[in-house]
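Just add 199 to the spot in the sequence shown (first one is 1) and you have the numbering used here. Quick reminder that beta carbons are idealized off the backbone N, C-alpha and C, glycines included. Below you'll find the structure, written out as C-alpha cells, and then a few comments.
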Amino acid sequence: MKAFVFPGQGSQFPGMAKDLYENFALAKEIVDEADQILGFSLSKVMFEGTDEDLKQTKVTQPAIYLHSVLVAKLGKDFAPDMVAGHSLGEFSALVAAGGLSWQDGLRLVYQRALAMQKACEVVSSTMAAVLGLADAEIERICGELNGEVVAANYNCPGQVVISGSVLGIEKAAELLKAAGAKRVLTLPVGGAFHSPFMEPARVELAAAIEATTIERPICPIFQNVTAKPSQDPAEIKQNLIAQLTGAVRWTQSVEAMVAAGATDFIECGPGKVLQGLVKKISADVQVASMELA
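Here it is, written out as C-alpha cells:
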C-alpha cells in the first residue's frame, strides 16, 4: 500500500518549483493564479529569493504548500491508499486527496502563516530539537516547567522538538542535558509553534477553516494531533484547528500508517526530510520522492 507524505516548514530552498513552472503548463497556470490570489508575487520569492527571504513565515508556508501541491498534481501514478502531512503539510495532503480545492488550501495556509506570525509577536518564544532522549523523559521535564514548554513535534525516535518561551526553553535545555540528552539545539524559528502560545492564531484560523468547504477525501488522511486516519470532513476540520496548539505526532502517524498496511512512502514536495524520518521510524518500508509524469 502506498502512503503519500507532504513536508512542512524547513524544506524550502532558493529556486524552488522554478523547473516545474518552466516545464509544465499546468504548473505555470497554478503558480500564476496563486500570485493573483495572494496579491503579491510568491513565485518571484520562490524562484529568485535568498534563504533569508524564504525563511519569513508568510512566504515559507505558502511556498512549500504550493510546491507540494504541484508535485502531487504533476506526479506519475498518484494513487494514494493514505496520506499525511507534517504540520503545514497536512493542508497539502488534504488537497492532494481531494478534500480541499488548492485555491482554498492556499488561502488557509496564507491566513495560517499570518496568524502564526502575529502570535509570535505577542510573546518572545522559540523551539528546540532534543536528540537522544526518550519521549517520556522529555514530557516529564516539560511538565515540570509550569506550562512554559511542551513537546511539539515527535519527528522520529530520539528526535523531539520542544516549544515554549525563550526562558522556558533555556531552562528545559539545562534539565534535558542533565537527564542525558545528546544535544538540545535551538531552532531558527520565529516562535513557539504547536504549543499553547499559538492560541491567538488558533482562534483566528478556526473561523477561516469553519467557513471553508472540506469534502470527503478519496483516502484516509492520518492527522497530526491524533495520529489516526480520518475521512470525515467535520473531524478533519477540528483536527486542523487543534493542530496549531497541539503536537505534531509524526512518529505515531507513520507507525499507524505502517500498521494499516503502508509499505511505500512517497514524499511530495521540496526536499527529502520526511523520507529520512520515515526510515528512522520504520526501517522495513520503502521511501522515495514523487516521480513526475
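| Asked | Found |
| --- | --- |
| Which residue comes first and which comes last in the alpha helix (DSSP H) that contains Cys159? | For residue 159 there is no data in the structure shown, the boundaries of the chain being 200 and 492. |
| Tell me whether Ser240 sits in a helix, a strand or coil according to DSSP, three-state version. | coil |
| At the level of alpha carbons, what is the spacing between Met281 and Phe421? | 7 Å |
| If you check the beta carbons only, do Val204 and Glu466 fall under 8 Å apart? | yes |
| State the Cα-Cα distance for the pair Thr425 and Arg448, rounded to the nearest angstrom. | 7 Å |
| Does Pro428 come out as helix, strand or coil in the three-state DSSP assignment? | strand |
| Just confirm the distance between the C-beta atoms of Ala335 and Ser394, as a whole number of angstroms; I'd bet it's less than 8 Å. | Contact flag wrong, Cβ pair sits at about 19 Å. |
| Are three or more beta carbon pairs between the region 399-406 and the region 342-357 nearer than 8 Å? | no |
| Thinking C-beta only, is Lys275 closer than 8 Å to Leu473? | no |
| Between the C-alpha atoms of Ala446 and Ile361, what's the straight-line distance to the nearest angstrom? | 9 Å |
| Please list, in chain order, all residues of the same chain as Leu476 whose beta carbon is under 6 Å from its beta carbon, the five residues on each side excluded. | Asn354 and Cys355 |
| DSSP beta-bridge partners for Met281? | Ala202 |
| Starting from Arg339, follow the beta strand (DSSP E) in both directions and report where the run begins and ends. | Run containing Arg339: none in the beta strand (DSSP E); it sits in the alpha helix (DSSP H), Asp334 to Gly342. |
| Just to confirm, are Gly314 and Leu386 a CB contact at a threshold of 8 Å? | Sequence inspection shows Ala at residue 314; the Gly mentioned does not correspond to that position. Not in contact: Ala314 and Leu386 (Cβ atoms no closer than 8 Å). |
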